[in-house]
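Numbering follows UniProt numbering, in which position 34 of the sequence shown is assigned residue number 34; successive positions increment by one, without gaps.
Here the structure is laid out as structure tokens; the discussion comes afterwards.
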Amino acid sequence: MTSALTATSHDDLVQRVRTGSFGPDPAALRIAVAFTTRQAVRHEGRGTGYRNEVLSLRLAEAVGSCAVEPGHLPDSAVEECAGADVARLLEHPLLPVRVAALDAYLMHVMPHTPDHGATPVPLPAGSSLEKSRARAKAVAALLDLPPGATVLVVGVVNSLLEALRSRGLRYVPCDLKGGATEWGEPVLPDALAAADRCDALLVSGMTLGNGTFEPLRRHALAHGKQLVMFAQTGSAVLPRFLGQGVSAVCAEPYPFFWLDGGPGVVHRYDGSCPGGGR
């Protein structure tokens, strides 16, 4: 059953935001600051690295974010977002802009607090790898699976795979870019094609920004599988699908763990708290 705080699809959520179901009219709210964050990572002791690029939009005290493929976001997009109202950006031709605007709006009206179903989990200060592993442990703990179960992992993060290995869980790593994991395992580009042979799904919020989230959500809902989201992209968006295919969310709004060596926090939703969708 859908509560007042959940949505049945991404399009349903956008429509409800447009019509004011979650709070103020998005046409009356303007983005003050738009910026991108770019990084390249190669943790000490790891044989592979990766790059990230994230579009972020500042709305009052809130920051909404959406990851993009490095180099694919035109510079003009940032300029178009600054000063624009949220309603206009929800109709922007670029999906990452629409996702970041939706995230900023929902972060503004439903921040990550216990009243909205969030449980804060502190991340200790440390190196980039130490913080990555601490976040991975917080994410993996949301999966309720026995050893030997198989997890579809969409958006390969080696620390997450390491956390699953430590619990005796098997996994099928997937990413649109393909490639290989730190341990030389092939990374499949088509996640949905591999979903049938997996017991649960562990999925990056980046799927919101590339349009692959909805098919995975529908698969989990149709087959009664756990779908745990780890979200820097759309951290305030994904909790709105709890009970509608999404079983739990580890939300990590800007600033992300890889930006600073000091202590941090992620916010876990398991669907059982007030505002969590159950």
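Just so it is clear, CB atoms sit at the ideal spot from N, CA and C, and this is done for glycine as well.
Computed from a predicted structure; not experimentally measured.
- For His-72, the secondary structure class from DSSP, reduced to helix, strand or coil, is coil.
- The count of Cβ pairs closer than 8 Å, one atom from the stretch 227 to 242 and one from the stretch 191 to 210, reaches three, so the stretches are in contact.
- Inclusion of Leu-73 and Pro-96 in the CB contact set at 8 Å is warranted, their separation being smaller than that value.
- Annotation: the stretch 140 to 215 contains the following complete segments of the alpha helix (DSSP H) (minimum length 4 residues), in chain order: 158 to 166, 191 to 194 and 206 to 210.
- Judged by their CB atoms, Ala-195 and Leu-161 are not nearer to each other than the 8 Å cut-off.
- In the three-state reduction of the DSSP assignment, Pro-111 falls in the coil class.
- Apart from sequence neighbours up to five positions away, the residues of its chain that approach Ala-82 with a beta-carbon distance below 7 Å are Ile-31, Val-33 and Ala-34, ordered along the chain.
- Each of Val-266, Gly-262, Val-54 and His-223 was checked against the Cα of Gly-245, and the nearest Cα belongs to His-223.
- Under a 10 Å Cβ-count criterion, Ser-132 is classified as buried, with 16 or more other Cβ atoms of the shown protein chains found around its own Cβ.
- Secondary structure remark: continuous beta strand (DSSP E) runs of at least 3 residues inside the stretch 232 to 269, in chain order: 248 to 251 and 264 to 269.
- At a Cβ-Cβ threshold of 8 Å, Leu-145 and Leu-169 count as neighbours.
- DSSP places Ala-118 in no alpha helix (DSSP H); its state is neither H nor E.
- Counting every other CB atom within 10 Å of its CB across the protein chains shown gives Ser-65 a total of 16 or more, marking it as buried.
- Each of Trp-183, Glu-214, Glu-185 and Ala-134 was checked against the Cα of Leu-192, and the nearest Cα belongs to Glu-214.
- The shortest CA-to-CA distance from Arg-167 to any of Lys-137, Asn-158, Leu-188 and Gln-39 is the one to Lys-137.
- In this structure, the alpha-carbon of Pro-186 lies about 43 Å from that of Pro-26.
- When secondary structure is reduced to three states using DSSP, Leu-123 falls in the strand class.
- Excluding its 5 nearest sequence neighbours in each direction, Thr-119 has C-beta neighbours in its own chain below 6 Å: Arg-268, listed in chain order.
- Excluding five sequence positions before and after Asp-103, the CB atoms of its chain that fall closer than 7 Å to its own CB belong to Gly-64, Ser-65, Cys-66, Gly-234, Ser-235, Ala-236 and Val-237, given in chain order.
- For the options Asp-190, Cys-198, Ala-62 and Pro-173, the alpha carbon positioned closest to that of Glu-252 is the one of Ala-62.
- Apart from sequence neighbours up to five positions away, the residues of its chain that approach Val-54 with a beta-carbon distance below 6 Å are Thr-37, Ser-65 and Ala-67, ordered along the chain.
- Scanning Val-99, Ala-101 and Leu-106 for the CA closest to the CA of Ser-21 turns up Leu-106.
- Comparing C-alpha distances from Leu-259 to each of Met-110, Ala-40 and Arg-16 shows the shortest one belongs to Ala-40.
- Under the three-state reduction of DSSP, Ala-28 is assigned to helix.
- The beta carbon of Gln-15 is closer than 6 Å to none in its chain, skipping five residues each way along the sequence.
- For Ala-87, there is no enclosing beta strand (DSSP E); the enclosing alpha helix (DSSP H) covers residues 86 to 89.
- If you compare the alpha carbons of Ser-76, Val-109 and Met-110 with that of Leu-94, the shortest gap goes to Ser-76.
- Residue burial annotation: Gly-261 is exposed, with fewer than 16 other C-beta atoms found within 10 angstroms of its C-beta.
- DSSP places Glu-61 in the coil class of the three-state scheme, outside both helix and strand.
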